[in-house]
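Chemist:
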Amino acid sequence: MNRHEKESFVKSFAIFFGALLTISAIALWLYHNEQKRFYDLHILGEMDAFSYSLRGDNFSYAILPMDKTATMHTLVVEKGAVYALFPWSENPREKMIKVTYPHEQYLRFMEGEEQKVIIVFMVMMVIIALLAGGFAHYTLSPMRQTIAIMEDFLKDIIHDLNTPITSILLNAQLLKRKYADEEIERIYLSGQTVSGLYKNLEVLYRELPLEQEAVRLDTFLQERRGYFQNLYPSLTLIIERQDEVSVKINRDILMRIIDNLLSNACKYNHPNGQVSIRYDQTSIEIIDTGIGIKHLDKVFHRFYKESERGLGMGLHIVKTLADRVGIAIEIESQKGIGTHVRIHFLR
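Under my numbering, think of the first position of the sequence shown as -14, with each following residue one higher.
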């Protein structure tokens, strides 16, 4: 179950479970109140009968002077006392009888009813949780079908893009050698941009080999700097050191990671902004003067983006590949000031 499926499952489960649990809780609360009302009426009826016959084991009584302000024929539950007042049958105008029911016995009944309600509620919680889980799982089926269709569609696109992209790049290279023309250079760079998108899609839906080789970071980063400097001539891309440093890593995967990071640093930069690149034996840092990232906790989610530009796959691909080859990623960002990305070679 991927992240989107988990999120959908949790939301569907929470809505269904919460709604049914709320309805069940209200129903049980009404049931409990109704049971209490019936019990109170039952006791009151027995008290009324006792006030005439004075026969019964559960009740005690006292004859009191009539109090015209007192409420008759009403069960009163107070701390330590359960009683009701009735006119005394032998002298109803001047006397009244106070019939008392054992408070402990009343509480025992109420506690027993509450325990029943709690047990029923817990059983209902389990049943509702099972129903909610089944419902949430059922609601995932359309999403899974849609995702499967999209992935099959993207795999077909990946397969069909390979040949025309390769042809465009090869022919553009031939034209570059024959004609030193700015328009041809733009065609070639645009072809490389489309090629980068193709490689990003390939990373998501195909397993890449993990053969490692010694990669010279100084020359490698200089190549990538030059490529993006041509794509974004209004920006200034600099490498802050030129020392000869080599790391053992899969070159294609490193290129995908760096290209996606540099692409974001350039794409979301200010006009005439700057992108700085630092490196050493254990890490590479990319610092830009761009618009910054608002929600850092979401940047690695697939298709997450904070503007209309792009597909929202770049940093997700970076994280996927970094995990595959043992690279740790740190991102710091301030809105409107820029973003600082560090990748650390752990292996």
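Where a beta carbon is used, it is the ideal one built from N, C-alpha and C, also for glycine.
In this text, all values refer to a predicted model and were calculated from it rather than measured experimentally.
With distances taken between CB atoms, is the gap from His329 to Ile302 smaller than 8 Å?
Modeler: no
Chemist: With DSSP run on the structure shown, which of helix, strand or coil describes Ser74?
Modeler: Ser74: coil per DSSP, three-state reduction.
Chemist: Per DSSP, Ser231 forms a beta bridge with which residues?
Modeler: Arg201
Chemist: Near His17, which residues of its chain fall below 8 Å by C-beta distance, leaving aside the five closest residues on each side in sequence?
Modeler: Glu98, Glu99, Val102
Chemist: Measure the CB-CB distance between Leu216 and Thr178 and report whether it falls below 8 Å.
Modeler: yes
Chemist: Identify every residue that forms a DSSP beta bridge with His329.
Modeler: Ser268, Ala313
Chemist: Have a look at Asp141, Phe120, Ala157 and flag the residue whose alpha-carbon is nearest the alpha-carbon of Ser(-7).
Modeler: Phe120
Chemist: Only counting the same chain, and skipping five residues up and downstream in sequence, which positions put a Cβ closer than 8 Å to that of Val409?
Modeler: There is simply no residue 409 to check, as the chain begins at -14 and stops at 332 in what is shown.
Chemist: At which residues does the beta strand (DSSP E) containing Ser219 begin and terminate?
Modeler: Taken as a continuous stretch (DSSP letters only), Ser219 belongs to no beta strand (DSSP E), as it is neither H nor E.
Chemist: May I ask which residues mark the beginning and end of the alpha helix (DSSP H) holding Pro149?
Modeler: Counted as a single uninterrupted DSSP element, the alpha helix (DSSP H) harbouring Pro149 occupies residues 88 to 163.
Chemist: Among Gly323, Arg327, Ile322, Ala307, which residue has its Cα nearest to the Cα of Asp265?
Modeler: Arg327
Chemist: Out of Leu281, Ile314, Tyr37, Ser261, which one is the CA nearest neighbour of Asn76?
Modeler: Tyr37
Chemist: Suppose contacts are defined by Cβ-Cβ distances below 8 Å. Is Gly321 in contact with Gly277 by that definition?
Modeler: Yes.
Chemist: By DSSP, does Ile49 sit in helix, in strand, or in coil?
Modeler: Here the sequence assigns Leu to residue 49, which means Ile is not the residue at that position. In the structure shown, Leu49 sits in a strand (DSSP, three-state: E or B).
Chemist: Can you tell me which residues form a DSSP beta bridge with Ala69?
Modeler: Val84
Chemist: Whole angstroms is fine: what's the gap from Glu63's alpha carbon to Ser126's?
Modeler: 57 Å
Chemist: Which one of Leu246, Pro87, Thr59, Cys251 has the shortest CA to CA distance from Leu306?
Modeler: Leu246
Chemist: Only counting the same chain, and skipping five residues up and downstream in sequence, which positions put a Cβ closer than 7 Å to that of Ala114?
Modeler: Phe2, listed in sequence order.
Chemist: What is the DSSP secondary structure of Glu(-10), reduced to helix, strand or coil?
Modeler: helix
Chemist: Shortest alpha-carbon distance to Ala4 belongs to which of Lys(-9), Glu31, Met109, Glu89?
Modeler: Among Lys(-9), Glu31, Met109, Glu89, the Cα nearest to that of Ala4 is on Met109.
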